[in-house]
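Everything on this sheet refers to the single structure shown next.
Number of protein chains: 2
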Amino acid sequence: MDLSSFLTSLATSFIIFLLLMLVFSWLSKKPGNNVVYYPNRILKGLDPYDAGYKTRNPFTWIQEAFSSTEKDVICISGVDSAVYFVFLATALGILVFAGLILLPLLLPLAVTDHGKSNKTTSNGTFTDLDKLSMGNIKEKSNRLWGFVFAVYWFSFVTYYLLWKAYSHVSDLRAAALKSPEVKAEQFAVLVRDIPAPPAGQTRKEQVDSYFKALYLDTFYRSMVVTDNEKVDEIWQELEGYKKKLAHAEAVYAESKEKGKPEGTRPKNRTGFLGLIGAKVDTIDYCTKKIDELIPKLEAEQKVVLREKQQASALVFFKSRLSAASAAQNLHARMVDTWTVVNAPEPRQVIWSNLPKQFYSRQMRQYVVYFIVFLTIAFYMIPIGLVSAFTTLANLKKIIPFIKPVVKQDALRTVLEAYLPQLALIIFLSMLPKLLLFLSKAEGIPSESHAVRAASGKYFYFSVLNVFIGVTLGGTLFSTFKTIQKSPDDIIPLLAKSLPGNATFFLTFVALKFFVGYGLELSRLVPLIIFHLKRKYLCKTEAELKEAWTPGDLNYATRIPGDLLILTIVFCYSVIAPIIILFGVIYFGVGWLVLRNQVLKVFVPSYESYGQMWPHIHTRIVAALILFQLTMFGYFGVNKFYYTPILIPLPIFSFIFAYVCSKKLYRSFHDTALEVAREDLKEEPDMEFVFKSFIPPPLAAEKPDDDQFEDALSQISRSASLA
Amino acid sequence: MDLSSFLTSLATSFIIFLLLMLVFSWLSKKPGNNVVYYPNRILKGLDPYDAGYKTRNPFTWIQEAFSSTEKDVICISGVDSAVYFVFLATALGILVFAGLILLPLLLPLAVTDHGKSNKTTSNGTFTDLDKLSMGNIKEKSNRLWGFVFAVYWFSFVTYYLLWKAYSHVSDLRAAALKSPEVKAEQFAVLVRDIPAPPAGQTRKEQVDSYFKALYLDTFYRSMVVTDNEKVDEIWQELEGYKKKLAHAEAVYAESKEKGKPEGTRPKNRTGFLGLIGAKVDTIDYCTKKIDELIPKLEAEQKVVLREKQQASALVFFKSRLSAASAAQNLHARMVDTWTVVNAPEPRQVIWSNLPKQFYSRQMRQYVVYFIVFLTIAFYMIPIGLVSAFTTLANLKKIIPFIKPVVKQDALRTVLEAYLPQLALIIFLSMLPKLLLFLSKAEGIPSESHAVRAASGKYFYFSVLNVFIGVTLGGTLFSTFKTIQKSPDDIIPLLAKSLPGNATFFLTFVALKFFVGYGLELSRLVPLIIFHLKRKYLCKTEAELKEAWTPGDLNYATRIPGDLLILTIVFCYSVIAPIIILFGVIYFGVGWLVLRNQVLKVFVPSYESYGQMWPHIHTRIVAALILFQLTMFGYFGVNKFYYTPILIPLPIFSFIFAYVCSKKLYRSFHDTALEVAREDLKEEPDMEFVFKSFIPPPLAAEKPDDDQFEDALSQISRSASLA
C-alpha cells in the first residue's frame, strides 16, 4: 500500500465518522427517537436530556461526556462501567505520556537517516510513510540508542499508570462493597459439591444442619438448587401465551377503533409455527391455555421443590461479614466437597451450572480449553490466506474477472485500503457467541465470570491470529522459502516482518475507530430495527419496551477488541511511532463515544464490582511483554550490538505482574473482612434478600402463597422431632 | 568393582550390623543405661520396659516394634512420627508390590540373554552382577517389552499406594485436630505486617480494636510480639548463673562428704573463660550476680512490653472455629497488610522472624534460593571429583605412596568397597545445619516449617549432586571426550551411564542401612558421651537430665536421606531389579529400628500434625517422574522402537500430582471448619492458652505478678475513655 491509498483510507474513514456524527445529532434531537438514544436514562426514570444542557447543539453530547464524573458513571451504570473507563483512560494515558516523548524523539531520528530505503523488507510496502519508522534507520546506527531509550520509557510509563489504575480500581471495588445499601449477593454464599445426604435426611435438612453448626448466630436459611428444566419450560410456555394474549387483545382493540365497532377477533392456527392445524380464536385459545398451564406450573413447582433438589445450595447469612468469611473458608477436608464461594448476583446466576460436580467442572474446563485451542489453530489457516490475498495484485492473479473493477482508480484505492480489513472484521464477528457458549459449558456459576472467560479466549484468539497470524502470514507469503530453513527463525522472522505490516495495522486501527465508533454513536442499526418493529410488530407497551431496550456494553468482545488494538499499538509504538497518534485517537474517541453511550444508552446486565480489572491488567502486561520481546528481536535484526540491554525489561514486567497480583489480586477474588465489616444503612430485610434469589419460574403466582415455606417447614418439623 | 568386592562389602556391612545389634541388646539391659535407651518412656513417666515383655531376649525389641500400633506411636510420639512411618511403610509397600512382579519377571529375562557382555559401558564395571541387569539385554530385543511392562506396573503401584497414604495421613491429621484436648495453638492466629498504628493508639490498642470489630463474640485478647533480643540476653545470663550456682553448691556438698567436714568452697576467675581475672568464691559470686540480674530482668521486661512492640501479634479466640476461620480469611484489601495465618505451637515459634515484613520475607526467600542454588552448583565440582577418584586404580595413579596399602588383598577389597561411599557420606553430613540456618533466614515463623524448607533444599541437593552428579561424574571421567560433542547429549548420557553405576549405589544403600541403622539402634555415640559427662561433668540432677535428653527424629536430614535412597531405588528398579531387594531391606530395617527409637528414645521437639506429608508426597512423585524419564532415555539408548509407549507415564504422574494436591493439599494448609467445629472435652482455660505463648524471658518471676496485665489494663483504660 502506498501513501496515497493510505491517506484515502484515512480520509474516507474520517468523513464517514463526521457524517455519522451529524446523523446522530440530527436524529437524537427528535423526541420519537429518545428511547433509542436515551434508554438508560428513561429506564432509570430520568429526563432524557440533562437539565444543564437544555439548548442542544451537535457538540452538546461531547460537553456532557466531559463534564460527567466517575461518580455519575457508577451511579447510573455501575462499577463495571467505571472500571471500563479506567481501562480506556489508562490506555489513553500510557499512549499520551509515551507519545509526548517518543514522537518528538523518534520521528526526527528516523526521517533524517537514510538507512535501508532500498533494501527493506521484501513485499514492497516501503513508501514515504515508512520513512517515519525505524525501518529507515541504518543497521548498527548509534541512533538506535534513542529507540532503546524509547522502549524503556514506554515500559516504565506503562508500569506507573497500570499500578495507579489497579489501586484505583481496588478502591472503587472496596467502596462499592462497603456501600451501606443492602445487596442480596453480599449476604449469600454458593455451596456446591454437597455430598449425598445421610439416610433419613433431605438435602435441605443436610445443608441447614451443616451450616447451622458452623455459623450458629449468623446463619439465616438455605435455598437448595433444584432442577428447573421442566418448570422453566412450562413457565416459558405460560409467559409466551400471556404475551400472545396481550398482543391479540391489543389487535382486537385496534380493530374495534379502526373498522367495525364489534372488531375482528384475531385468529391463529395451533400447529407448527402457526402455519398448519386448526384455526382458532386467539384470545379464547390463549386464555384456555393459560388457565390450563397455571395449575400445571404450580404442581410442577411443588414437585421441583420437593423432589428435584440438587447437590448445590445458596446459603444466606444475617451479616455480610459472615458471608464474606464463609466464602473464603475451607469447610470440608476434601476440597471437592462442600465447595463454598461468593454468591453471584441473582440476575447473573447460571442456574443450570450450579449442580455440576467438581471433577465434571475440571474435565469440562480442559475439554473446552482443548476445543478453543483447536479453534485458534484451525482459524490460523483462513486468516493466513486472507492476509495473503490482501494485495489486489494477488487478487488479480487468482480471480481474473476482478480486473475491470481494479482498473478504476478510485475504486481500486478504496478496495485496496479496505478489503483486507473488512474481511478480517467480518471474520472476527463470528466467534464471540461460540466462545461464550463454550465458557458457560465449563460450569461457571455466573454470567460475569463466563464473560470474563470468553473475553480471555477471544483475546488469545485475536492476538494469535490477527496480530501474529497476519504479520507472519503476510511475510510468509512473500518470502515463502524462509520457513523451510528452520523453525528457530520464527522470532527474527516476526521481528523482520513487523515494519512491512505497519500500514496494514494503521488502517485497521483507523477503520475501527472512525467507522466503528461512528456506528456505535449513531446507533443506526438499532434505530432502524426499532422503527420497523414499532410500525409492524409491536402492539402492546411491553412489546414496545422490548423493542427499544438496549443491550449492555458487551465486554466479552469489546474488551478483547480494545486489547488487540492496544497490543498492536504497543508493538508498533517504537518501530513506527506514528501509530501512537492513531492509538490516542482510538482510545480518546472511544472514551468520548462510550461515555455518551454508557450514560445514556447501555443498561448493564450485571454488576461484578470490577472483577474484570485483573483480567484486563494481566493482558495489558502480556501485551507489554510481547512488545518488549519483539523489540528485542527487532534490535537484533538491526544488528545493534547493545541489544542485550533490553533483556531486563521482560524480567521487570514479570516482577511487576507478580507484585501486582500478589498485593492486589486477592481482594478481587475474596472480600476482605474489613470491607465486609462496614455498617449497613438499615437492618437487612432477610426475607427480601432470600426472595430475590428465587428463580422466576419458581416464584409463586400468588404473593401470599410462598412455595419455599414448605421446605422451611420441613426443617422446623425435623427440628421439633430432634 | 567386581562381584567379590561387592559381596565382601555386603558381608562386612551385615556383620557390623549384627555386632551392633548384639551390643545393643547387651547394653540396653543394664539399668544404668536406661536413660540412654528409654529416655522417651522415662520422660513420659512410663516404666522403661513394656509390661508385656518382662523376660527380655535379644529380639524383644523387634517383637515390641511389631506389636506396637499406629495409635501407640501417635500417643507417645505424636502425629508427625506416625506420618513418618506412613512414609516408610508406603516406600516399603511400593517396593514389595513392585518386587513381587519385577524380580521373577525381569531377572530371568536378563540372565538368559547374552546381549552386550563385551560391548558394555566403558568403565569396566561389567561383572557377573551385571548379568542380572537390563544391560545384559540385546539391543532392539523383544524382551524389552517385559521391561516396559515393569515400568508401567511400578508406576501404577506407586500411584495406588501414594493415594492411599495421602488419604490416610489426611485422616490422621483431621483426627488429631479434632481431638477434644485443648491445644493452645488451635485458639490463636499469627498476625503479621500490621500497618503503623494511627496516632494516639498503641500497637496493642490497634490490634485489639481491629479484631474486636471483626470477631465481636469470639475475640479473647491479643499478644503483641516484642523485640526480645536484650531481655533474652539478660535471661540467658541469669539462667547461666543459676546453673553455675547449683553446680557449685553440689560440688561444695560433695567436698563436705568426702574430705573435711567444712568442705572446700569452689572458686573461679571472673575473666575470659574463667582463665584470667580475680579469683572469687563461686557460690557468693553467683548469688550476687543473680540478685543483680533479677531486678534488671524485671525492669527490661517492663520496657520490652511497653516500648518494644513490633508490627506482629498473636490473637487469641475463644473458639477453635473462629481461629481456624480467621487464619483463612483475607482481612485487609492489600494482601501485604494484616496477614493472618495459623499460629504455630508455642514451643516452635521462631520469635525473631515474626515481625519481618512481607516484602522483606519475599526478598529474603529469593536471596536464600539463590544462595542454595550456588551451593548446589558449587558442590557439583568436589562431588564429581570424589566419584572420579572412587576406583583405587585412579587413586594409585594420583597418590603413588598408597600402593603398598593396596597390595594387601583384604584391605584393598574393603577400601575399594567403602572408600567412595564413606567420602560421600562424610561429605553430605556437612550441609544440613547451613540449610536450616538459611531456611530460618527466609523469615519462616515456625520451626517445623523451617525444617520442611531445609528438608526440601537438602533433597534437591542430594538428588542433583549425589545421584545425577555421581552417575554423570563417573561416566564423564571415563569417557571424557563425550562432553565435547554436544550438551544435548546429557540425557542419553545419563541413561547410558546408569547401569555402570548400579553397583556403586547398591553398596551405598547397603552401607547406609546396615551401618547407619546399626549405629542408630545401638546409640553408641550418645551412650559414650552420656557416661563421660556423668562421670566428669554433671553434678546436679538437672545437668544429668540434660546429658541424656535425646534429640528428635531430625526430619530435616532423615527424610531427604530416605528420599534419596528411594529415588535411587526407583531409578534402578527396572535397570537392575536386584536393587529392589536392597530397598526393601533398607525401608524394612529402617521401619523396625526407628519404631524402636520413636517409641523409646526420640522426643519430638514439635508437632505439626503431619504437615510434612505433602512435602514428602511431592518428592516421591518427582522421583517417580525422574525414573520414568530416565527409563524413556534408557529404552532409547537400547534402540527399542516402541520407546514412545512410555510417553504417557510422566503425563499420568503430573495428573496424579495435580489431582492429589487439588483434592487433599488444602486441608494441610488450612484447617477445615468441619474439623475445627468438633466439641472440646471442657471449656478451654483461655488464661492458660494465653500464658502458654508467653516467651520464657518475658514470663514474670513471681506467678501473681503478670506483666501482661499491664498491657491489658491499657486497653480497658482506653475503652473506658471512649
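If you read the sequences in order, they're chains B and H. Okay, so the first sequence: first residue is 373 according to this note's numbering, each after it adds one. Okay, so the second sequence: first residue is 373 according to this note's numbering, each after it adds one. Beta carbons: idealized from backbone N, C-alpha and C, even for Gly.
Could you tell me whether the Cβ of residue i comes closer than 8 Å to any Cβ of chain H?
i	result
R575(B)	no
K1035(B)	yes
M735(B)	no
N701(B)	yes
S697(B)	yes
A704(B)	yes
A625(B)	no
D708(B)	yes
D452(B)	no
V740(B)	no
For residue i, name the three-state secondary structure that DSSP assigns.
i	result
F583(H)	helix
A683(H)	strand
K1065(B)	According to the sequence displayed, residue 1065(B) carries Phe and not Lys. In the structure shown, F1065(B) sits in coil (DSSP, three-state: anything other than H, G, I, E or B).
A948(B)	coil
R678(H)	helix
L353(H)	Coverage of chain H is limited to positions 373 through 1094, which leaves residue 353(H) absent and any answer about it impossible.
R641(H)	strand
M595(H)	strand
S505(B)	coil
A383(B)	helix
S818(H)	strand
How many angstroms separate the CA atom of residue i from the CA atom of residue j?
i	j	result
S684(H)	V1031(B)	22 Å
V561(H)	S834(H)	35 Å
A461(H)	F959(H)	8 Å
R515(B)	L481(B)	7 Å
L998(H)	G471(H)	19 Å
E1050(H)	S977(H)	26 Å
K416(H)	K1034(H)	39 Å
D653(H)	F809(H)	39 Å
K584(B)	V529(H)	42 Å
A650(H)	K660(H)	15 Å
Specify, as a first and last residue, the run of the beta strand (DSSP E) that residue i falls within.
i	result
K690(B)	Careful: K690(B) lies outside any beta strand (DSSP E) and carries neither H nor E.
T929(B)	Per DSSP, T929(B) belongs to no beta strand (DSSP E); it is in the alpha helix (DSSP H), Y927 to Y944.
D653(H)	K651 to D653
V712(H)	T711 to N714
For residue i, decide whether its Cβ has a neighbour in chain B, counting only Cβ atoms nearer than 8 Å.
i	result
A548(H)	no
V887(H)	no
S1039(H)	yes
E814(H)	no
R678(H)	no
Specify, as a first and last residue, the run of the alpha helix (DSSP H) that residue i falls within.
i	result
K536(H)	L516 to K550
Y1030(H)	P1020 to C1032
Taking the alpha carbon of residue i as the reference point, which residue from the options has its own alpha carbon closest?
i	options	result
V395(B)	H540(B), L891(B), S581(B) and A1029(B)	L891(B)
F902(B)	L893(B), K911(B) and L916(B)	L916(B)
P633(B)	S539(B), K639(B), S691(B) and Y624(B)	Y624(B)
V603(H)	K907(H), K402(H) and S724(H)	S724(H)
Y1037(B)	M706(H), K680(H) and N701(H)	M706(H)
For residue i, decide whether its Cβ has a neighbour in chain D, counting only Cβ atoms nearer than 8 Å.
i	result
E609(B)	The displayed structure is made up of protein chains B and H, and chain D is not among them.
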